[in-house]
Amino acid sequence: MGKRVAIIGTGQTNHCSSREDVNEMELVYEAASAALKDAEMTIAEIDAVVLANMELFEGRALPDMWCGEGGGAFMKHSFKISTGGTSGTSGAISGYYHAASGLFDRVMVVGFEKHSDGNTSAGMALTDPFWDRHIAAAAIGNFALSVSEYMVDRGVTEEQSAKVAVKARRNACNNPHAHLQMPDLTIKDVLESPMLAYPVHRLEMCPQSDGACAIIFASEEIAKKRCPRPAWVRAAVTRHDHIYLGEVKNRLSTMRSLREAARVAYETVGIKEPLKEFDVAEIYDPLTYAEIAWYEALGFCENGEGAGMIDDGITLMDGELPVNPSGGVISTNPVGASGTIRVAEAALQIHGRGGKRQIPDVNLALATGYGVYCWSDVVILSSRPD
Amino acid sequence: MNRNREREELIRIPIQMNLQYRFPAGVHYERFFRELKEIGRIMGVRCPECERVLVPPRPVCGECFTRTGEWVEVGPKGTVVAHTSIYFPFIDGSTGKARPIPYGAGLIQLDGAYSAINHILEEGDPDKLHIGMRVEAVLKEEREGNIGDILYFKTIEE
Amino acid sequence: MNDNGERMVLAGKVDLPFSYSAGKTASRFFVELRDHQRIMGKRCPGCQRIIVPARLFCKECFVETDEWVEVGPEGTLLTFTVVYRKENHHPIEAPLAYGIIRLDGADTSIVHLLGETDVTKLEHGMRVRALFSEERKGHIMDIECFRPV
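Residue numbers (the working numbering), protein chains in the order written: chain U, 214 to 599; chain C, 1408 to 1565; chain Y, 10 to 158.
#1: Quick check: the Cα distance between Glu371(U) and Val1487(C), rounded to an integer number of angstroms?
#2: Give me the chain Y residues within the contact set of Gly1552(C), using Cβ-Cβ distance strictly less than 8 Å, ordered along the chain.
#3: Chain Y partners of Pro1431(C), CB-CB under 9 Å?
#4: Short check: CB of Ala543(U) to CB of Thr501(U), under 8 Å?
#5: So, with DSSP's three-state summary, where would you put Cys67(Y)?
#6: Tell me whether Asp330(U) is buried or exposed, calling it buried when 16 or more other Cβ atoms sit within 10 Å of its Cβ.
#7: Between the beta-carbon of Lys1444(C) and the beta-carbon of Arg1550(C), is there less than 8 Å?
#8: From this set, Asp397(U), Gln373(U), Pro389(U), which residue's C-alpha is nearest Arg383(U)'s C-alpha?
#9: Is His328(U) buried or exposed, if buried means 16 or more other CB atoms sit within 10 Å of its CB?
#10: Residues of chain C with CB under 7 Å from Arg37(Y), in chain order?
#11: Inspect the beta-carbon positions of Met1424(C) and Gly272(U) and report whether they are closer than 8 Å.
#12: In three-state terms, what does DSSP make of Asp24(Y)?
#13: Could you tell me if Ala510(U) is buried or exposed, where buried requires 16 or more neighbouring beta carbons within 10 angstroms of its beta carbon?
#14: How about the region 474 to 489 of chain U and the region 445 to 461 of chain U: do they share at least three Cβ pairs that are nearer than 8 Å?
#15: How many Å lie between Gly324(U) and Ala248(U) at the Cα?
#16: Specify, as a first and last residue, the run of the alpha helix (DSSP H) that Phe1430(C) falls within.
#17: Rounded C-beta distance between Ile435(U) and Arg319(U)? I'm assuming under 8 Å.
#18: Check the Cβ-Cβ distances between Met1540(C) and every residue of chain U, and say whether any is below 8 Å.
#19: For Cys1457(C), I'd like the list of residues in its chain whose CB is within less than 7 Å of its CB, leaving aside the five on either flank, ordered along the chain.
#20: For Gly310(U), name the three-state secondary structure that DSSP assigns.
#21: Relative to chain C, which residues along the region 411 to 433 of chain U have a C-beta separation below 9 Å, given in chain order?
#22: For Ile1493(C), which of Ser539(U), Leu409(U), Gln571(U) has the nearest alpha-carbon?
#23: Out of curiosity, what's the CA-to-CA distance linking Cys53(Y) and Gly81(Y)?
#24: Ordered along the chain, which non-local residues of its own chain (more than five positions away) have a Cβ less than 8 Å from that of Glu1565(C)?
#25: Within the region 551 to 596 of chain U, note down every full beta strand (DSSP E) run reaching 3 residues or more, in order along the chain.
#26: Only counting the same chain, and skipping five residues up and downstream in sequence, which positions put a Cβ closer than 6 Å to that of Thr481(U)?
#27: Can you tell which of Asn236(U), Met364(U), Leu577(U) has the C-alpha that lies nearest to the C-alpha of His564(U)?
#28: Scan the region 273 to 291 of chain U for residues whose Cβ lies nearer than 7 Å to a Cβ of chain Y and list them as they occur along the chain.
#29: Just to confirm the assignment, what range does the alpha helix (DSSP H) spanning Asn384(U) have?
#30: DSSP state of Ile152(Y), grouped into three classes?
#31: Quick check: what's the CA-CA separation for Met277(U) versus Phe66(Y)?
#32: Please name the residue, chosen from Glu243(U), Ser300(U), Ser361(U), that lies closest to Ala1489(C) on a Cα-to-Cα basis.
#33: What are the boundary residues of the beta strand (DSSP E) that Ala431(U) is part of?
#34: Going along the chain, which residues of the region 1441 to 1465 of chain C sit with their C-beta nearer than 7 Å to a C-beta in chain U?
#35: Which same chain residues end up closer than 6 Å to Asn387(U) when comparing Cβ atoms and leaving out the 5 residues on each side of it in sequence?
#36: Closest to Asn227(U) by CA distance: which of Val241(U), Arg217(U), Ala219(U) is it?
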């Protein structure tokens, strides 16, 4: 590990389906300003800015240049990260590396996406031209392929999947930034929602949101001075597996990149029993079945027991390991920001700034990122520097 | 939910982008498509280290980081390892028209291949699809040298 | 390789529709062009610059701009170029000229077309004036071009 680094502030916009009152740069400005306020810092103090965005969706090349000003990147050291769904977490990890190198003391990371400026077909029309485009199954169709394998392999039922959606959208009601807040959502509602691609119903899938999220990383000395309870970065791991779906057998069951990233991260921190040791987890759940699969990949339970965890309420707000008190990606999904939101939500739990979604006594938090199809990031935060 | 109630007019600028592209296929894809077009057979390559037959064929095996070797015919029959039925009328890129919904799509492990390819399944009814079912590639009469030369995979009894 | 010795290439076309929200600030800028033929900037309370086109915040001070200020319609042509070969993306026939114009009252400049003149006789420092389009719809092209005064 490099030098000690902690997250001292976070900021988010109120994510929703369409922010007509701001353009993309202004959306970034909102989140960046909110994070600076949270950290009680000025832009002048920031040494470096990392921007994360999947520019494909807005059809706007060089988003770091067009939107970087909103992130305070003007005349500062600045990079852009664009790695699909993991953009947000990879961006956060990149921000961490900047500070951990010892070369930068205060680094701001802003993940952002303005889906309403583009459209779904934009993103998925530009998949591999030789093998994927003709099917035009889009993210949903390709996910559904993996879900059908997973259901057969693990025996997960539709009802269990629907429970995950209910948990997510109800949790979202405690989060003022969340997009889809549905306090009265039932399993029946979920299973009766339109079928997108068998067996996935609309309400089991994440939305597309306009939103931005910013995080401020600080080196040890500054973190100790400026934050009453810093969220120390204890592990930050990235792993990429195959990009072509046919290469990976039983993707959700095996999810090699997540298992491996988690293994390395847990080893770095010395975690042996993640279910017991973590106080909260913000995991990247693009759809309900994925969340169940990630419980297994992250070692919260044995293979085959993921669905049982949701049945037993282990991951509810008052369960043994609350998963996604924020509502998760299933409730809020501005792609470039979704990963950053996971890290921010994990951090603010340690900060004690979770408001109605605060889990009591959080000392160890997990954040993960996911990207089409097999890219994974794992970040571990702690109230202790070591 | 739009939380932003503005009495002022908010403008959106519509821009239509028409992008043209030209992707060189490279030696491996080119042979795959040429064999598909001219001979009507599906080819993979074997990695000399792990010995897996990879489809689509490629110059390097990603996991072993070794140059691939022997060309091997695979299929045209195969096994469905994953399937879905799509209820969205997506536009078929090759015809410009929407496919009738629901249409089936799947991951098909062709006989002899290690990896699966994703393609259209003729059967769209989810109740008639299951993992492990046998299918066979149906090729176009007049082929162009792209993945659409395989029209779809039809269900077969085996 | 095919029979002509050419390598295989997959060619095609993708049509993608986008719809960019201007945001509150730029929307007002465009509405002023469309309805009042006025060009508006905003003042930064930090550095006091009048920023044109109007922006929500000043990138140098990182604070929100406050006051709306009308600028132009005349200004100074800081620099220009003439395009002699029309490509697909050019809005009008060649020869066409672009310029960077510092409108009176503004501290930043805008890029726009220069027209209603012999583009081969443009000069740095020329005074120019905005010519508004007959039909305006809330778009930067509601200004048809800038022409020498």
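For every residue, glycine included, the Cβ atom is placed at its ideal position computed from N, Cα and C.
Well, looking at it:
#1: 21 Å
#2: Met17
#3: Arg16, Met17, Val18, Leu19
#4: The sequence given here has Ile at residue 543(U), not Ala. In this structure, Thr501(U) lies closer than 8 Å to Ile543(U) by Cβ.
#5: strand
#6: buried
#7: yes
#8: Asp397(U)
#9: buried
#10: Glu1415
#11: yes
#12: strand
#13: buried
#14: yes
#15: 12 Å
#16: Note, Phe1430(C): premise wrong, no alpha helix (DSSP H); beta strand (DSSP E) at 1419 to 1431.
#17: 6 Å
#18: no
#19: Cys1468, Glu1470, Cys1471
#20: It should be pointed out that residue 310(U) corresponds to Tyr in this sequence rather than to Gly. Reduced to three states, the DSSP call for Tyr310(U) is helix.
#21: Tyr411, Pro412, Val413
#22: Leu409(U)
#23: 18 Å
#24: Lys1484, Arg1541
#25: 577 to 584, 588 to 595
#26: Ala448
#27: Leu577(U)
#28: Glu282, Gly285, Phe287
#29: 371 to 384
#30: strand
#31: First, the residue type needs correcting, since residue 277(U) is Asp and not Met in the sequence shown. Using only the alpha carbons, I get a separation of about 17 Å.
#32: Ser361(U)
#33: 423 to 432
#34: Pro1463
#35: Lys569, Arg570
#36: Val241(U)
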